[in-house]
Amino acid sequence: MARYNKYRWWWLLLVSAMLPNLSGNARELEEATAKAALAFNFARYVEWPQVTGQLQICSLGGEELGRAFAKLQGRSIREQNIVVHSLEIGDPAGNCDLLFIDIRERSQIALLLDQLRESPILTIGELPDFNDYGGIIRLFREGDKFRFSVNLGVAREAGLFISARLLQLARQVIE
Amino acid sequence: MRVFLMHPSLTVALALLSGWMLTSPALGRDSDIPLEMSLEELLDIEVTSVSKRPQSLSDTAAAIHVISNDDIRHSGVTNIPDALRMAPGIQVVRIDSNKWAVTSRGFNGRFANKLLVLIDGRTIYSPTFSGVYWEVNDLVLEDVERIEVIRGPGATVWGANAVNGVINIITKHTADTQGSHLSLASGSQERGLLNARYGTRLGEGSYGRLSLKAFTRDESNLVDGGHANDQWRGFSAGFRLDSQLGPADSLTVQGDINHRTIDQFQQIPLLTIPFQDRVKNEAELDGMNLLARWTHSESADSVWTAQVYLDRFERDEYILGERRNTLDLDINHNFKLSGGHEIGWGLGYRYTDDDFESTPFVFASPDDRDADLFSAFIQDQISLVPDTLDITLGSKFENNDYSGFEFQPSIRATLHLNEGNMLWAAVSRAVRTPSRAEHDFTLLTAVLPPGGPVNPYPIAVSVFGQGSDDFGSEKVVAYELGYRGAPFNDLTLDLATFYNEYSDLRAFAFGIPQLANPPAPARLDTRFSNETSGRTYGLELAATWQASNDLRLDLSYSYTETDIDWPNVPDITQNTSAPRNLVSLRSRWRISEDLNADAWLRYTDEIETYHTTEPPYLFKIKAFTELDLRLAWQANKQLELSLVGQNLLHGHHQEYVQEAYILPTEVERSFYVQAALSF
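Going down the list, the protein sequences come from chains A and B. In this text, residue positions in the first sequence follow the numbering used here: the first is 1, and each later residue adds one. In this text, residue positions in the second sequence follow the numbering used here: the first is 176, and each later residue adds one.
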């Protein structure tokens with residue numbers, strides 16, 4: 001019996017470790033998947049000045065992000081078929097309709113956003129100062145959940161129309 | 176016999192555990208994107224992050240390991256050197272409450288001279304004795320973004336003294352430290368620890384922060400009993416500003432001012448009877464620095480960086496007083512050329528002037544000196560087979576006032592096997608340039624009383640270490656081969672092997688003893704000379720297993736063999752050889768949304784070190800295993816409470832003995848509680 005008591009602690013630890021897993025899985029998403037899902041949803045609430053039948057969605061980041069975005073290929077939003085592109089730093093981004101920027105190099109992001117300014121591209125990124133550089137949607141975390149802010153002034157310059165529903169959900173709207 | 180059988184409950188638990196891990200949804204990385212979810216639903220969902228290697232580092236042809244801010248937080252460490260215990264191949268031992276010996280791939284000592292350390296591009300490697308004063312260079316750990324630990328020569332880019340490794344401590348961009356953060360801790364060894372930070376947006380693209388750290392740490396115990404009188408206390412205050420001047424230009428200005436008091440209990444050699452004495456004293460250490468860095472991106476493929484810093488350092492110690500000013504200028508340019516070339520080049524200049532207050536124990540001649548260091552580097556990364564085979568060729572060229580011209584070339588290659596798996600190889604040369612002490616100091620190392628185990632003669636003998644202008648650089652040629660990748664979905668592996676061939680290593684050449692009138696001791700001079708050669712080889716492994724969303728395991732292991740051809744007396748300022756085996760195993764377990772439990776098990780193999788005045792002179796430090804535990808509770812969005820236990824397996828254990836002056840001490844089991852408030 002003495003030995004049993006010795007191991008009982010491990011038992012309790014292991015069982016308690018499993019509890020949150022058995023109950024709470026449905027409400028969890030892996031980061032890259034969540035980002036791709038968010039990008040898809042943002043695109044539903046944005047209207048581009050020209051409709052071509054195709055929506056070019058670009059991701060600039062690691063392999064994992066690229067894999068998650070690749071799953072959007074072939075889907076459609078308002079009868080526009082999604083075409084996915086995985087970019088690397090330095091690749092031209094002028095033909096994207098939506099560009100998700102998930103790299104760490106600030107100077108590269110600032111430069112890229114400056115080049116894309118006034119182009120009808122919905123830029124999404126995670127830097128705290130993303131909106132400062134002319135990025136349109138900045139994602140950030142509150143605890144384990146995503147939040148976002150919108151730079152509406154830049155969106156207007158770019159000729160993008162962002163629906164009121166999206167703006168309502170934003171934590172902050174910068175004019 | 177029951178001993179060999181697993182208890183039924185444990186068997187069941189293990190079966191459940193393995194079943195849970197195999198079926199856990201975290202492992203299904205290829206999960207579909209829930210396109211049916213609305214934006215509202217997405218914003219309400221919990222997002223989990225799997226550990227990622229920074230993209231820019233995963234392609235590097237070097238043994239590189241990154242300690243992230245998260246790693247530091249979960250480890251419960253309160254200072255930089257203890258954080259370095261997480262990296263493979265790095266030997267960290269505590270000398271006493273306020274001193275460490277930290278090295279990479281062998282040659283450890285209070286002044287481990289083959290490891291270069293930089294904080295945000297500013298060197299903290301002291302040219303006085305060639306080493307790092309870890310007790311001075313301690314930051315607000317919450318401000319550290321990551322610590323890049325590179326084993327093996329990094330001299331081609333970072334310059335001299337990056338012989339066995341480079342550590343880059345990188346602090347966060349100010350946009351990432353917005354708001355206020357306050358943490359308070361108190362415990363049995365960490366008597367008081369305060370960290371405070373305030374970050375704010377100053378304008379469009381401009382952010383700033385102020386940080387403050389204050390602490391007081393209790394003394395430890397001497398190995399032979401009694402108090403070690405090695406309390407450590409101090410404060411630092413720092414600021415950083417980041418400003419995006421335009422789309423292509425950004426500016427960072429940062430600086431800090433710090434003060435430390437270290438108490439010491441030193442064994443001091445005396446030239447009169449009783450030839451040595453134990454002295455309690457207090458050393459005052461002050462530093463300040465100011466750095467500005469400007470980055471200009473001509474395009475995504477061409478980036479210029481210019482950096483300038485000023486550093487002032489003062490150290491008032493019983494055995495020596497030191498003042499040092501350093502000015503450093505650096506320009507770097509990285510650009511791409513057609514044909515798959517990525518070129519980096521840079522120019523640097525460093526000026527340092529010092530001023531020493533000599534004592535009978537440490538005598539500097541001249542007592543003040545300035546020194547210039549000119550440097551240039553160029554390297555070309557050539558993509559031979561795009562996305563598959565890269566070769567990088569380069570060299571650093573330096574001219575310093577102590578050993579003159581030095582060149583430090585390297586050739587590195589990476590081979591990408593498939594997505595996420597790569598092999599790398601490197602051959603490089605690096606030098607450790609002479610310190611000010613090795614050229615200009617006379618050090619009273621020991622006075623050996625008559626008739627002791629090391630001095631059979633009837634008269635006392637004083638031993639002096641004598642600097643010499645002839646002392647040159649120590650050199651290494653290193654051969655490295657490594658693999659990095661993710662053989663399975665949730666397992667990342669990093670394996671590095673090395674063979675280092677050293678020449679002109681430091682040794683001591685003995686002069687002829689000069690007799691004096693007893694009881695005045697005879698004098699024996701030893702001169703620094705480059706007489707030794709040797710080799711080390713070994714392997715290092717780092718593995719991370721994301722067992723589930725809630726459980727992550729990090730293992731690091733290193734094996735090192737040391738084979739040095741010492742002439743007659745080894746370099747007593749260092750381990751005779753590296754610890755053969757080093758292990759660190761960490762687990763990070765999210766028990767629930769607001770409860771985390773972390774465990775950290777470490778093993779350090781036995782070593783031998785010398786002490787010049789304390790019998791038995793050669794100390795065998797036993798292998799030790801230690802455990803840290805941390806339990807953290809996120810009480811609400813603002814407040815986190817944590818309880819940390821350090822070195823829990825033993826009441827006390829010895830990790831090291833410094834080569835002189837400092838008496839052998841022990842590291843004690845300790846606890847602290849911390850409250851961290853973010854608002």
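We put the beta carbon where it would ideally sit given N, CA and C, even for glycine.
For residue i, which residues from the same chain have a beta carbon less than 7 Å from its beta carbon, with the 5 sequence-adjacent residues on both sides left out?
| i | result |
| --- | --- |
| residue 420 of chain B | 426 |
| residue 568 of chain B | 554, 555, 586 |
| residue 36 of chain A | 68, 69, 71, 72 |
Anyone know if the C-beta pair for residue i and residue j falls short of 9 Å?
| i | j | result |
| --- | --- | --- |
| residue 727 of chain B | residue 764 of chain B | yes |
| residue 222 of chain B | residue 144 of chain A | yes |
| residue 519 of chain B | residue 552 of chain B | yes |
| residue 617 of chain B | residue 640 of chain B | yes |
| residue 325 of chain B | residue 343 of chain B | yes |
| residue 702 of chain B | residue 637 of chain B | no |
| residue 334 of chain B | residue 571 of chain B | yes |
| residue 450 of chain B | residue 256 of chain B | no |
| residue 523 of chain B | residue 485 of chain B | no |
| residue 138 of chain A | residue 157 of chain A | no |
| residue 210 of chain B | residue 169 of chain A | no |
| residue 273 of chain B | residue 321 of chain B | no |
| residue 240 of chain B | residue 718 of chain B | no |
My output table needs one value for residue i: the three-state DSSP class, helix, strand or coil.
| i | result |
| --- | --- |
| residue 457 of chain B | strand |
| residue 517 of chain B | strand |
| residue 249 of chain B | helix |
| residue 73 of chain A | coil |
| residue 578 of chain B | coil |
| residue 756 of chain B | strand |
| residue 805 of chain B | strand |
| residue 614 of chain B | helix |
| residue 154 of chain A | helix |
| residue 736 of chain B | strand |
| residue 597 of chain B | strand |
| residue 833 of chain B | coil |
| residue 257 of chain B | helix |
| residue 797 of chain B | coil |
| residue 168 of chain A | helix |
| residue 509 of chain B | strand |
| residue 846 of chain B | strand |
| residue 727 of chain B | strand |
| residue 64 of chain A | helix |
Short of 8 Å in beta carbon distance, which residues of its chain neighbour residue i, apart from the five on each side in sequence? Order them along the chain.
| i | result |
| --- | --- |
| residue 661 of chain B | 595, 596, 667, 668 |
| residue 77 of chain A | 40, 43, 44, 55 |
| residue 564 of chain B | 558, 588, 589, 590, 591 |
Using a Cβ-Cβ cut-off of 6 Å (strictly less than) and excluding sequence neighbours within five positions of residue i, which residues of its own chain qualify?
| i | result |
| --- | --- |
| residue 22 of chain A | Any reading at residue 22 of chain A needs caution, since the residue's pLDDT is 41, under 50, leaving its predicted position unreliable; the model's value is listed next. So the list is empty, once near-sequence residues are dropped. |
| residue 582 of chain B | 570, 572 |
| residue 360 of chain B | 368, 847, 849 |
| residue 330 of chain B | 337, 571, 583, 605 |
| residue 575 of chain B | 548, 608 |
| residue 379 of chain B | none |
| residue 490 of chain B | 460, 497 |
Query raised in the report: Of all the residues that make up the region 375-386 of chain B, which are near chain A by a beta-carbon distance shorter than 7 Å?
Result: 379, 380, 382
**Report entry** Cβ-based contacts, 8 Å cut-off: residues of the region 571-595 of chain B near chain A
**Finding:** 594, 595
**Report entry** Every unbroken beta strand (DSSP E) within the region 285-350 of chain B, with a cutoff of 3 residues, ordered by chain
**Finding:** 290-294, 319-326, 340-346
Query - Cβ-based contacts, 8 Å cut-off: residues of the region 68-100 of chain A near chain B - result: 68, 71, 72, 75, 89, 90
**Report entry** Sequence ranges, beta strand (DSSP E) only - wholly within the region 456-503 of chain B, length at least 3
**Finding:** 477-491
Query raised in the report: For the region 161-175 of chain A, which residues have a beta carbon sitting closer than 9 Å to at least one beta carbon of chain B?
Result: 165, 166, 169
Query raised in the report: What runs of the alpha helix (DSSP H), each 4 residues or longer, lie entirely inside the region 96-127 of chain A?
Result: 106-116
Query raised in the report: Of the residues that make up the region 34-67 of chain A, which ones have a beta carbon closer than 9 Å to any beta carbon in chain B?
Result: 34, 35, 36, 37, 38, 40, 41, 42, 44, 45, 61, 62, 63, 64, 67
Query raised in the report: According to a CB-to-CB cut-off of less than 9 Å, which residues of the region 99-125 of chain A neighbour chain B?
Result: 103, 104, 105, 106, 107, 108, 110, 111, 112, 113, 114, 115, 117
Query raised in the report: Residue ranges of each alpha helix (DSSP H) run of no fewer than 4 residues wholly in the region 412-462 of chain B, ordered along the chain?
Result: none
Query - Interface positions of the region 465-499 of chain B facing chain A (Cβ-Cβ less than 8 Å), listed along the chain - result: 470, 472, 474, 475, 476, 478
Report task. Could you please tell me which residues of the region 415-428 of chain B, in chain order, have their CB closer than 9 Å to any CB of chain A? Result -> 417, 419, 421, 422, 423, 424, 425
Query raised in the report: Counting only runs that start and end within the region 648-713 of chain B, where is the beta strand (DSSP E) found for 3 or more residues in a row?
Result: 649-663, 666-685
Query raised in the report: Listed from N- to C-terminal order along the chain, which residues in the region 139-150 of chain A have their beta-carbon within a distance smaller than 9 Å of any beta-carbon of chain B?
Result: 141, 142, 143, 144, 145, 146, 147, 148
Query raised in the report: Closer than 8 Å, Cβ to any Cβ of chain A: which residues of the region 206-219 of chain B, in chain order?
Result: 206, 207, 208, 209, 210, 212, 213, 214, 215, 217, 218, 219
Requested in this report: Mind checking the region 340-371 of chain B against chain A and listing, in chain order, the residues whose C-beta falls within less than 7 Å of any C-beta there?
Outcome: 348, 350, 351, 353
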